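Single-structure report; data block below.
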Amino acid sequence: MDVNYKEDFGVYIQPINQGTSYHIEFDLYYEPESNNVVKTIKENILEIRNNLLDNGAFFSRPYGIWAEDVFSHHSAETINALKKVKKIFDPNNVLNPGVLCFDD
Numbered sequence: 001m002d003v004n005y006k007e008d009f010g011v012y013i014q015p016i017n018q019g020t021s022y023h024i025e026f027d028l029y030y031e032p033e034s035n036n037v038v039k040t041i042k043e044n045i046l047e048i049r050n051n052l053l054d055n056g057a058f059f060s061r062p063y064g065i066w067a068e069d070v071f072s073h074h075s076a077e078t079i080n081a082l083k084k085v086k087k088i089f090d091p092n093n094v095l096n097p098g099v100l101c102f103d104d
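The opening residue of the sequence shown carries number 1 in our numbering; numbering runs sequentially from there.
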């Protein structure tokens, strides 16, 4: 996939679990006033996310435009387990209500 992006973007790579997996972050710099650029970057990011998910990537902190699709790749049992844990630690639903897979 060619995203036509400059080579001067920020990348952070942190090996974890004795080098068996990695935490990776990218900083993509752009002009937020340019609607075409924002649209293109968003489309490219979503395509990259889908490719990563389809190849078994794990997202430890999905949020924003990533969260819904990341959690849709998990089984109903996993989502129910996450909801139970959230209810234990946040019985009044005051911590980030409506975020991640906790819409209700």
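Ideal Cβ placement from N, Cα and C applies to all residues, glycine included.
Model, not experiment: these values are computed from the prediction.
| Nearest residue (CA-CA) to Y30, options K86, K42, T20 | Looking at the Cα atoms, K42 is the closest of the given residues.
| Which first and last residues belong to the beta strand (DSSP E) in which N94 is found? | It is Val, not Asn, that sits at residue 94 in the sequence shown. Neither: V94 is in no beta strand (DSSP E) and is coded neither H nor E.
| task | Would you give the residue range spanned by the beta strand (DSSP E) that S34 belongs to? | result | Per DSSP, S34 lies in no beta strand (DSSP E) segment and is marked neither H nor E.
| field | Distance, I45 Cα to P32 Cα | value | Going from the Cα of P32 to the Cα of I45 covers about 15 Å.
| request: Look at the alpha carbon of V11 and the alpha carbon of K84, and state the distance between them as a whole number of angstroms. | output: Each residue's alpha carbon lies about 35 Å from the other.
| task | Could you check what DSSP says for S21 in three-state terms: helix, strand or coil? | result | The answer is strand: DSSP assigns S21 an E or B state.
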